[in-house]
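Here is the structure we will look at, set down as structure tokens.
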Amino acid sequence: MNADLSAKCAPAEERGSWGSSVGFILAAAGSAVGLGNIWGFPMQVGKGGGAIFVLLYLVCVFVICFPILIAELAIGRAAARGPIAAFQTLRPRTPWWVVGALGVLAGVGILSFYAVIAGWTLAYVWYAATGAAGSDPGGFFGAFVKDGSKNVWLSFAVLVITAGIIIGGVRQGIEKASKIMMPALFILLVLLGLRALTLPGAAQGLAYYVKPDFSGITNIAVINAALGQAFFSLSLGMGAMLTYGSYLSKKTAVVKSAAWVAGLDTLVALLAGFIIFPAGFSLAGFNPAEGGPGLIFAVLPGLFSSMPGGALFGAAFFVLLTLAALTSAISLLEVPVAALVDRGWCRRKSVILLTLFVTVLAVPSALSQGASPALSKLPVFGMDFLTLMATVWNNWALPIGGLLIAIFAGWVWGADNVIAELEAEGNPFPFARAWSFLIKYVCPLAILFIIVMTARGMFGG
Ligand code: PFF
Numbered sequence: 004m005n006a007d008l009s010a011k012c013a014p015a016e017e018r019g020s021w022g023s024s025v026g027f028i029l030a031a032a033g034s035a036v037g038l039g040n041i042w043g044f045p046m047q048v049g050k051g052g053g054a055i056f057v058l059l060y061l062v063c064v065f066v067i068c069f070p071i072l073i074a075e076l077a078i079g080r081a082a083a084r085g086p087i088a089a090f091q092t093l094r095p096r097t098p099w100w101v102v103g104a105l106g107v108l109a110g111v112g113i114l115s116f117y118a119v120i121a122g123w124t125l126a127y128v129w130y131a132a133t134g135a136a137g138s139d140p141g142g143f144f145g146a147f148v149k150d151g152s153k154n155v156w157l158s159f160a161v162l163v164i165t166a167g168i169i170i171g172g173v174r175q176g177i178e179k180a181s182k183i184m185m186p187a188l189f190i191l192l193v194l195l196g197l198r199a200l201t202l203p204g205a206a207q208g209l210a211y212y213v214k215p216d217f218s219g220i221t222n223i224a225v226i227n228a229a230l231g232q233a234f235f236s237l238s239l240g241m242g243a244m245l246t247y248g249s250y251l252s253k254k255t256a257v258v259k260s261a262a263w264v265a266g267l268d269t270l271v272a273l274l275a276g277f278i279i280f281p282a283g284f285s286l287a288g289f290n291p292a293e294g295g296p297g298l299i300f301a302v303l304p305g306l307f308s309s310m311p312g313g314a315l316f317g318a319a320f321f322v323l324l325t326l327a328a329l330t331s332a333i334s335l336l337e338v339p340v341a342a343l344v345d346r347g348w349c350r351r352k353s354v355i356l357l358t359l360f361v362t363v364l365a366v367p368s369a370l371s372q373g374a375s376p377a378l379s380k381l382p383v384f385g386m387d388f389l390t391l392m393a394t395v396w397n398n399w400a401l402p403i404g405g406l407l408i409a410i411f412a413g414w415v416w417g418a419d420n421v422i423a424e425l426e427a428e429g430n431p432f433p434f435a436r437a438w439s440f441l442i443k444y445v446c447p448l449a450i451l452f453i454i455v456m457t458a459r460g461m462f463g464g
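Its first residue numbered 4, the sequence shown is counted upward by one per residue in the numbering used here.
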């Protein structure tokens, strides 16, 4: 390994590029679609009071996040550099590179808990195939996550697989993996949704999911969670999309690609809800608000056992979910990797060192679901370490990153420069004026308002 780590490499050769627009869309959608859609979204809907959360989420995606997605891709493509160097390239000798540095930290921080949950899905491939969860899937999950060493090993396995794919480089590794997995996942989700909707009790679950109770619309904690979930789900606010944008050619129609990515991501999240809530409400004593991180693991085994060939369906589902998690984990790791490669490091060396670092950081999250009592209920915040990590990065770091990116794109680099970049080589940018208004005024003010009000609510101001 030492020989590899010290091997010389020419940075110019280390930057990759996408093979085609479709390859890019699938890879970016591969980054976006992941645990956030299928594990995170239903959990947040449950915590946030059902359909009202879904509504707030959709507003956040289309009004706040979509314009920022376009901005991130444009910044990356214009600079053709990773997160830190991109800001240095577009605005040299200014402190804006700090936004990229924050993104690098977020990539490492998010991956450290993301790998733990991806480890659960990996284990559930086996459990679903063997029907191990039995008649009490909730109890089974509770016992499973208490096994500290198993959880540490599983997250390590996920990180090693991620590193293996990412060492392959942009085109061979990331793009190939996404092209196979995305369509397969989609088909399986539709099948599962159809089954869930025909279960007894499904109507109640459906109503919970689609009929909003508007009394929750002014709850700032729920709005903050919807915003954080939207950023997390679209892989925004930390330079992942910026980095993927940096591998784009000038020929690609970026705005159209961004619409595809946001559309597919939202569709998959919505589909996940159409599976979990009807299936959940068909179980006795189901309470969506209490599901927490174990929600899908408690609900889905019941759904599989109600289907002919359920073990096979279950195993296939968790294989695809693990693959979806991997294509997202790849993009999380790609952010710090790209930052190091931009500084002249070898891709391989960067990946290995970062993977080791994240493995160590993942340990407290892996032990936080019962294995270590202290980490399972932190004295200060009253939540477990994994939930704390998810809250800090998703609800705070990503929206703050997004706020800064919006200001950079709208005011510092300038909306007109972004539009010129996106219209390069005759590509269309429909609604460019509307985008400009959103990125300059709506996005920054809305994010600022939400985070300030949430902080006031939390700290009693
Ligand atoms: N979007 C991914 C998901 O929904 O699972 C998670 C993620 C990937 C967040 C990459 C941030 C990121 F940069």
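Every residue gets a Cβ at the ideal spot worked out from N, C-alpha and C, and that includes glycine.
Give me, in chain order, the residues of the same chain whose beta-carbon lies closer than 7 Å to that of residue i; leave out the 5 immediate sequence neighbours on both sides.
i	result
PHE452	none
VAL119	ASN154, SER158, ALA365, SER368, ALA369, LEU389
LEU114	ALA332, LEU335, LEU336, VAL361
GLN47	PHE56, ALA228, GLN232
ILE299	ILE41, TRP42, PRO45, ILE279
LEU191	ALA319, PHE320, LEU323
For residue i, report the span of its alpha helix (DSSP H) as first-last.
i	result
SER331	313-345
LEU370	No alpha helix (DSSP H) holds LEU370; DSSP gives it neither H nor E.
PRO304	298-308
ILE450	446-462
PRO376	376-379
ASP150	From DSSP, ASP150 is part of no alpha helix (DSSP H); its letter is neither H nor E.
MET392	388-393
ILE279	257-284
ILE408	401-410
SER252	Looking at the DSSP string, SER252 is not in any alpha helix (DSSP H), and its letter there is neither H nor E.
ILE442	Element bounds for ILE442: n/a, residue is neither H nor E.
ASP419	418-425
For residue i, count the other beta carbons within 10 Å of its own beta carbon; 16 or more makes it buried, fewer makes it exposed. Which is it?
i	result
ASN5	In this prediction, ASN5 has a pLDDT of 39, which is less than 50 and means its spatial position is unreliable; nothing more can be read from the coordinates.
LYS253	exposed
LYS352	buried
TRP416	buried
ARG80	buried
TYR444	exposed
PHE284	buried
LEU406	buried
THR358	buried
ARG459	exposed
ASP387	buried
ASN398	buried
TRP21	buried
ARG198	buried
MET392	buried
Short of 6 Å in beta carbon distance, which residues of its chain neighbour residue i, apart from the five on each side in sequence? Order them along the chain.
i	result
TYR247	ALA31
LEU105	GLY404
PRO215	ALA54, ILE55, LEU58
VAL36	ASP268, VAL271, ALA327
ALA435	ILE422
ALA82	ALA89, THR92, LEU93
LEU441	PRO70
LEU8	Because the pLDDT of LEU8 is 48, which lies under 50, any placement of that residue in the model is unreliable, and the number read from its coordinates should be weighed accordingly. If we look at LEU8 and ignore the five residues flanking it on each side, its Cβ neighbours are LYS352.
Going by the C-beta, is residue i closer than 7 Å to any heavy atom of ligand 1?
i	result
GLY231	no
ASN40	yes
MET241	yes
LEU61	no
PHE235	yes
LEU251	no
GLY79	no
PHE335	The residue asked about is misnamed: residue 335 is Leu in this sequence, not Phe. Yes; taking the cut-off as 7 Å, the Cβ of LEU335 has a heavy atom of ligand 1 nearer than that.
SER439	no
SER238	yes
GLY373	no
ALA118	no
ILE113	yes
SER368	no
SER331	yes
SER158	no
GLY276	no
ALA228	no
SER152	no
ALA35	yes
GLY141	no
GLY49	no
I'd like the list of long-range same chain contacts for residue i, defined as Cβ closer than 8 Å, with 5 residues on each side in sequence excluded.
i	result
TRP100	ILE87, ALA88, PHE90, GLN91
GLY219	GLY51, GLY52, ILE55, PHE56, VAL225
ALA126	PHE147, LYS153, LEU157
THR133	ALA314
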